[in-house]
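Note that the numbering used here has the sequence shown beginning at 2, numbered continuously upward.
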Amino acid sequence: MPITVRVGPSINTVRKLDNPNRFASVELNRTPIPGSGAIRAWQMNAHTAPVARSRDCIFQVFEIDVVVHFIERLNLPKIKRGWFDPNPDHPSGYEADAPRDPSHWKLDVANVSVHEYSHIMDVVRAVERRLNIEFNQAGVQEQLTIQWLCDDEAGAYQRLFALAGQRLQAMGIAEFEQLMARFQQHQAQSETERAARRAQIAEHESR
């Protein structure tokens, strides 16, 4: 039976970015919780079956929920002076004391965060695809199947969380940092950047 991995983001917003060239930035949060890393399992489900003539049960993981922790840094002075050109072919933000065109609109924190959230979700979806492949490799389900005292379900899940965490650590964080860097390449012609700017336009039009 395959293991289904679902991935979601946790975002810590910091209203300080010392980079005059950026409205905002996003990075992986390596230490969101003491003893944890940027990517961790936070919930799982397992099938349980009793072992004949024993007080033990077999616990077999079939679902894992994973959280990816991010830090969003906002450049508030730049956002305050920021404007947005909603040209659907080449949307872009810029700093100015007045709009360059009457059709341009004022940037604000909510709109910039929508842009960064689009990048975050690109990473989350890529991590989810990668983990669904990784956790369904040959032999992984056997590693996430344990025999444990039926009455100690909490202990069984604690052990399963430890095993899942070891699996995540074995993959290493470098691969996910590469994903983050790839999606943070703010190139005007990249599809991820165009998608993020379309999200900004949609957010503004919904007001």
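Positions of the beta carbon are idealized from the N, C-alpha and C atoms, including for glycine.
Which residues share a DSSP beta bridge with residue i?
| i | result |
| --- | --- |
| Asn46 | Glu64 |
| Ala25 | Leu75 |
| Ser11 | His70 |
| Tyr158 | For Tyr158, which the question treats as bridged, DSSP gives no partner whatsoever. |
| Phe177 | DSSP, once it has assigned bridges, lists no residue as partnering Phe177. |
| Gly94 | Phe85 |
| Val113 | According to DSSP, Val113 bridges with nothing at all. |
Could you have a look at residue i and say whether DSSP puts it in helix, strand or coil?
| i | result |
| --- | --- |
| Gln144 | helix |
| Phe136 | coil |
| Leu150 | strand |
| Ser55 | coil |
Quick check: what's the CA-CA separation for residue i versus residue j?
| i | j | result |
| --- | --- | --- |
| Tyr68 | Ser11 | Note that residue 68 is Val in the sequence shown here, rather than Tyr. Looking at the two C-alpha atoms, the distance is approximately 7 Å. |
| Leu150 | Ala157 | 8 Å |
| Ser63 | Arg82 | The amino acid at residue 63 is misidentified as Ser; the sequence shows Phe. Straight-line Cα distance between these residues: approximately 50 Å. |
| Val86 | Arg198 | In the sequence as displayed, the identity of residue 86 is Asp instead of Val. When rounded, the distance between both Cα atoms is 10 Å. |
| Arg56 | Asn133 | 33 Å |
| Glu96 | Thr5 | 45 Å |
| Pro78 | Asp102 | 21 Å |
| Asp66 | Ala163 | 14 Å |
| His91 | Pro3 | 43 Å |
| Pro89 | Asp152 | 59 Å |
Report yes if the CB atom of residue i is closer than 8 Å to the CB atom of residue j, and no otherwise.
| i | j | result |
| --- | --- | --- |
| His116 | Ala203 | no |
| Gly140 | Ala42 | no |
| Asn76 | Leu18 | yes |
| Phe71 | Leu29 | yes |
| Leu161 | Ile147 | yes |
| Arg7 | Glu135 | no |
Inset, instruction - Evaluate the contact criterion for the region 102 to 119 versus the region 39 to 47: three or more CB pairs, one atom per stretch, below 8 Å. - result: Fewer than three beta-carbon pairs drawn from the region 102 to 119 and the region 39 to 47 are found closer than 8 Å, and the two stretches are therefore not classed as touching.
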